[in-house]
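> Our numbering puts the first residue of the sequence shown at 48, with every later residue one more than the last.
Cβ coordinates follow ideal geometry from the N, Cα and C atoms, glycine included.
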Amino acid sequence: MIKKILSTEQIRRILTRLASQVLEKSGDLSDIVLLGIYTRGVPLAEMLAQQIEMLEGIKVPVGAIDVTFYRDDLDRIKTRTPAKTKIPFNLTGKTVILVDDVIYKGRTMRAALNAVSEYGRPQCIRLLVLVDRGHRELPIHPDFTGKKLPTASKEQVKVYLEAIDGRDAVELIKE
């Protein structure tokens, strides 16, 4: 069974709220960079940067990071071809905001934290997710959350984004 959780309009509103929260918490915007985690974190980071630019008139740099080789659970997840990490700016001394679509057990974020350390020493790293579905196995929690969605372990949260999937939506898939 598939249940629609967020529509295009709801996602847009959430991104506006998240952009405002980032602006409120960040102080000097020249020190902020957004790093989207492949796959859907990348277009989310780009959408967030556009929203920040609309609100403040400031372009926030956006990069993309692949965490495949930093994961500790490769034997349990589906294999995929790693994407190319693109960080066209120095991370040292910056406030890095890692952006992803869903946080679940925390393993992707742990891998992202390890990956970021290969590219510099940020002043601060914050986590931003569209959906937090709970069930953490690691003590990692997002600083910015679009929607908290309590789920059962057997359920899946599927995020669709226009840039990748041709539509914007979040669905809960129950077995």
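Between G181 and T192, which are expected to be in contact by the criterion C-beta below 8 Å, what is the C-beta distance as a whole number of angstroms?
That belief does not hold up - the Cβ atoms of G181 and T192 are roughly 11 Å apart, past 8 Å.
> Taking the alpha carbon of A130 as the reference point, which residue from T142, R59, V143, I112 has its own alpha carbon closest?
Looking at the Cα atoms, I112 is the closest of the given residues.
> Please check if any C-beta of chain C sits within less than 9 Å of the C-beta of G104.
Judged by its chain identifiers, the structure shown contains no chain C, having just a single protein chain.
> Take the Cβ of L102 as the centre, count every other Cβ of all protein chains shown within 10 Å, and call the residue buried at 16 or more, exposed below.
Counting Cβ neighbours within 10 Å, L102 comes out exposed, since fewer than 16 surround it.
> Looking only at its chain, what residues have a beta carbon closer than 7 Å to the beta carbon of Y207, apart from the 5 residues adjacent to it on each side?
Cβ within range, chain order: R214, D215, A216.
> Under three-state DSSP, which class holds F191?
Strand at F191.
> For M156, count the other beta carbons within 10 Å of its own beta carbon; 16 or more makes it buried, fewer makes it exposed. Which is it?
Buried is the call here.
> Roughly how many whole angstroms lie between the Cα atoms of Q57 and T63?
Those two C-alpha atoms are separated by around 10 Å.
> Buried or exposed: where does K141 fall if 16 or more other Cβ atoms within 10 Å of its Cβ makes it buried?
Under this definition K141 is a buried residue.
> Hey, could you find the ends of the beta strand (DSSP E) G83 is sitting in?
Taken as a continuous stretch (DSSP letters only), the beta strand (DSSP E) holding G83 covers 79–84.
> Residue range of the beta strand (DSSP E) that T173 falls in?
In the sequence under discussion, the amino acid at residue 173 is Arg, which differs from the Thr named in the question. Element bounds for R173: 171–179.
> Return the Cβ separation of V107 and L81 in integer angstroms, given the expectation that the two are a contact with Cβ distance under 8 Å.
V107 to L81, Cβ: 6 Å. Contact.
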